[in-house]
Every structure is written in structure tokens, then in C-alpha cells.
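Residues 24 to 315, numbered by our numbering, are exactly what the sequence shown covers, in order.
Note that CB positions come from ideal geometry on N, CA and C, so glycine has one too.
In this text the structure is predicted, and so the values were computed from the model without any measurement.
So the structure is just underneath, and the comments pick up after that.
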Amino acid sequence: MSANSGRSVSYFNNQLKLNGFNVWEIESDSNATRIYSRKDFYKICLTTGSSIIHYADRSFEQEGSVLFFGNPHVPYSWETLSTTYVGYTCLFSEGFLGQSERSESLQQSPLFKIGGTPILKISEAQRLFLNGIFQKMIEEQQTDYQYKDDLIRNYINLIIHEALKLQPSEQMDRHNNALSRIAAVFMELLERQFPIETVERPLKLTRAQDYAKALSIHVNYLNKAVKETTGKSTTTHITERIAREAKALLQHTNWNVAEIAYSLGFDYPTYFNNFFKKLTGSNPSAFRESVV
């Protein structure tokens, strides 16, 4: 990577973190624009080309133009198949759009919520209209206009409203069993919380209620789906995964027990000690000594 590339990566990330928003044209994109924390940003893509999009436990093979809505709480990945692939990408944080009065209801819309319709097939006329909105966001992003954030939020809301009027794509591969789908997404989201890489970014989702809220479903529905599909409760899955991470941190880091406790979402080290001993039969310090 050249020095200029390094600066572009740093500039992109700094601006994204500072502003909570960034938009760019895919065909003029560089690797710099792909380095960001997906857990922090919603994503809207307008693309034309051939690709396979994996969203939660569903896959969508698309040819032509589509509009994609990425939720930071739902795992997704993208496989580009064609050599020519063009369009636009917009990233925004919950805080950025949250300043809008209508943002809460929109973020609970079928476009972003689990089990909704995150991918829409669009016509050429719709593509041209949406192209214009993305181009206006790119132009506005470069200005010094005092209220440009408000204007960009309006553009994002306009895209969302236009998408809500479109017919959902029928090409999604879905699980026949809705409970299996919910359980699969929960398991993926659980695994995405790990590994814990720094004490400054502790585990945020520690209870079944946290995961239900992140997935925009009722906790009772989540518990039913996970229990019937896996044979274990939601809480058991979370507890066992935290315990595995605790063992890894005790064995492979030099963090003290209090730091590990806080990084795993415990308010007090004594809570962590009791949790660990109940599951393993040993307190954290004794376990660390036994594996060193």
C-alpha cells in the first residue's frame, strides 16, 4: 500500500467516525472505503451487476440492479460475480439517523428488521431516480453547507420511503421453519460478538433481552425459537459462549481478572468470579495458574 493509500484509509475512517456518515460511488471505490466496523453502521447499497448476497441465513443471487439494506446487528456478506459492478454505497450510524424524528419507525421497517426484506429488485427507471439521490448525497457531502447533515438525512429517508413502496423480491431462499431461521440468526449474532479484543470495547449483548432487541423481535419468541431448534435456552448459549471467551482471555492475555470481568460485561469482578466458578468449578485465578 502506498503512502497516499494509507492516508486515504485513515482519512476515510476518521471522517466516518466523526460524522457518522459516508457515501461513495462503488466504481471509483478503493480498499480504503471498505475498512470500517460493520457493527456500528447501517448500510444502503444501490448496485448493478452479478453477485450473491448472504443475509443472515438467506442467500440472494442477483443479476441487474438491486437496492440492499444492511443492519449492523444482522450478519451479511457479499460475493461479486461479474467483472463490471457499479453503483453507490451509503453508511450511517444509528446516532446520525437518530437525530431525525422519523428514524425510529423507519429503522424498525421491513427493510432493516430481522425477517424483513433487505434486498429489492429495481427497474431501470427506479435505478436512475435513486442514482440521482445518491449523487446528490455525494455532492452535498463535499460542501460546507451549515445544514448538510439534515439534508443528507432527508435523502436517506427518501431512499427508505421509495424502497418501502417497491414490491419485495421473491427470489430470497428462506427456511421453511421460521423458528429455525430466527435461531440461526441468533447463533450468528452471538458469535459475532467475539473475540473480545480490548477492554475499552466490552461485550454489549449479555442477556437474551439484549439479543431480542438487536433482532427486533420479542424475547419470548427468540427463546422459543432457540429452545425448539437447538434444545438449549438462549441464556445457556450466551452463558456458555461467555465462559469459553473467559477461558481464552485468562489463558492468552495478561489482563487481570477485573479487566476480564469488565470486558465480558460484568459490573463487578465478584460477579464474574461466581459466574466462572459455577460453570467450571474453579475460580478465574486458579484456572489461569493451571493452564500457564
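{"Check": "Looking at C-beta atoms only, is the number of pairs between the region 269-278 and the region 237-246 that lie closer than 8 Å three or more?", "Outcome": "no"}
{"Check": "Just confirm the distance between the C-beta atoms of Pro307 and Asn297, as a whole number of angstroms; I'd bet it's less than 8 Å.", "Outcome": "No, Pro307 and Asn297 are not in contact; Cβ-Cβ is about 10 Å, not under 8 Å."}
{"Check": "Kindly list the residues whose CB is nearer than 6 Å to the CB of Thr229, restricted to its own chain and excluding five residues on each side of it in sequence; keep chain order.", "Outcome": "Gly288"}
{"Check": "Does Glu124 come out as helix, strand or coil in the three-state DSSP assignment?", "Outcome": "With a pLDDT of 48 at Glu124, under the threshold of 50, the predicted position of this residue should be treated as unreliable, though the coordinate-derived value follows. Three-state DSSP puts Glu124 in coil, outside helix and strand."}
{"Check": "Buried or exposed for His241, going by 16 or more other Cβ atoms inside 10 Å?", "Outcome": "exposed"}
{"Check": "What does DSSP give as the partner residue(s) for Gly72 in the beta ladder?", "Outcome": "Gly87"}
{"Check": "If you run the structure through DSSP and keep just helix, strand and coil, what is Asn54?", "Outcome": "Only weak support is given to the placement of Asn54: the predicted model assigns it a pLDDT of 42, under 50, and the value that follows is read from those uncertain coordinates. In the structure shown, Asn54 sits in a helix (DSSP, three-state: H, G or I)."}
{"Check": "To which residues of the same chain is Thr216 closer than 7 Å at the C-beta, ignoring the five residues directly before and after it?", "Outcome": "According to the sequence provided, residue 216 is Gln. The question's Thr does not apply to it. Cβ within range, chain order: Leu226 and Leu228."}
{"Check": "Have a look at Pro292 and Ser305 and give me their C-alpha separation to the nearest angstrom.", "Outcome": "15 Å"}
{"Check": "Can you tell me whether Val314 is buried or exposed, with buried defined as 16 or more other CB within 10 angstroms of its CB?", "Outcome": "exposed"}
{"Check": "Let me check understanding here. Comparing Cα to Cα, which of Gly43, Lys144, His96 and Arg81 lies closest to Ser239?", "Outcome": "His96"}
{"Check": "In terms of residue numbering, what span does the alpha helix (DSSP H) encompassing Leu114 cover?", "Outcome": "Not the alpha helix (DSSP H): Leu114 falls in the beta strand (DSSP E), residues Val109 to Ser116."}
{"Check": "Provide the residue span of the alpha helix (DSSP H) that contains Glu211, from first to last.", "Outcome": "Ala201 to Arg215"}
{"Check": "Answer with buried or exposed for Ile75, where buried requires no fewer than 16 other C-beta atoms within 10 angstroms of its C-beta.", "Outcome": "exposed"}
{"Check": "Count Cβ pairs between the region 201-215 and the region 145-158 that sit closer than 8 Å; are there 3 or more?", "Outcome": "no"}
{"Check": "Assuming contact is defined by CB atoms lying nearer than 8 Å, are Phe91 and Gly43 in contact in what I supplied?", "Outcome": "no"}
{"Check": "Looking only at its own chain, which residues have a Cβ that is under 6 Å from the Cβ of Ser88, when we skip the five neighbours before and after it?", "Outcome": "Thr71, Ile145 and Arg150"}
{"Check": "Let me confirm a value: Ala309 is counted as buried when at least 16 other C-beta atoms fall within 10 Å, else exposed. Which label applies?", "Outcome": "exposed"}
{"Check": "What residue from Phe115, Phe64, Ser116 and Thr106 has the CA that sits closest to Pro98's CA?", "Outcome": "Phe64"}
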